[in-house]
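Position 104, counted from 1, in the sequence shown is what this note's numbering calls 91; the numbers after and before it change by one each time, with no gaps.
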Amino acid sequence: MKKKLLVIPVILLTFVLLSIPVMAAPATKIEGVTLTFDHIPTLGPQNFVDHTIIQTRGGTSFGEATLTIPGIPLPKGTWDTTWTSTAKWPSFPIPDPEGGNMIREKVKMIFTGVGTNGTFEGRAQWKWVGTMGALLSIEVHMVLRGTGDFKGQTLKLSSEPALPAVIEGCLIIPK
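The following block contains the structure:
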């Protein structure tokens, strides 16, 4: 009786494990993707935490995005974001190269055109060194997920600290 009780769960477990695919097909990774955009930012309400820290909530940005993916022609798209930031300005309101800004934003790029209808949406984080009058470098990291024609695809973009920022990365397309 005890052997039967042990054999039945082993058979069931074996059946379950054999019914699960061992490994999914590898994804296609397209390198050399670049992003450029022209946008108009709008500040949200600002809060002075102390005499050197400024927080901004509810900022927005909109404009035109150009996403270049090797081998995949895309029309120009729109760039639409909402963002928050924390800035350090040691000598506010005078620009100071020792200042900096950390921006976290929700990004949506929309592409519509002949044979293309989809979006990439996700999060981005920007780090500025310096302040607007004395900007030294910009660094960005973003991960965006596709919808519509880009459903299931992931866009990973970043830049090294530089000025101007060159935003590049890869597109991952699942099989």
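Don't be surprised by glycine CBs; every beta carbon is placed ideally from N, CA and C.
Source: prediction; values computed, not measured.
Quick one: is the Cβ of residue i within less than 7 Å of any heavy atom of the ligand GTP?
i, result
"G156", "This structure lacks the ligand GTP, and indeed carries no ligand of any kind."
What are the boundary residues of the beta strand (DSSP E) that residue i is part of?
i, result
"D25", "T15 to T29"
Going by the DSSP bridge assignment, what does residue i pair with across the sheet?
i, result
"F107", "M96 and G133"
"K143", "V130 and C157"
"S124", "V116"
"A149", "I125"
Determine the direct distance from the alpha carbon of residue j to that of residue i, and round the result to whole angstroms.
i, j, result
"F79", "A14", "48 Å"
"G19", "L131", "16 Å"
"F49", "K143", "20 Å"
"G64", "L5", "45 Å"
"L122", "F137", "35 Å"
Residue i and residue j: beta carbons closer than 8 Å?
i, j, result
"T21", "T55", "yes"
"K75", "T43", "no"
"H128", "Q140", "no"
"T53", "T23", "yes"
"K93", "T134", "no"
"F107", "L61", "no"
In chain order, each beta strand (DSSP E) run of at least 3 residues that lies wholly inside the segment 18 to 99:
33 to 35, 40 to 55 and 64 to 75
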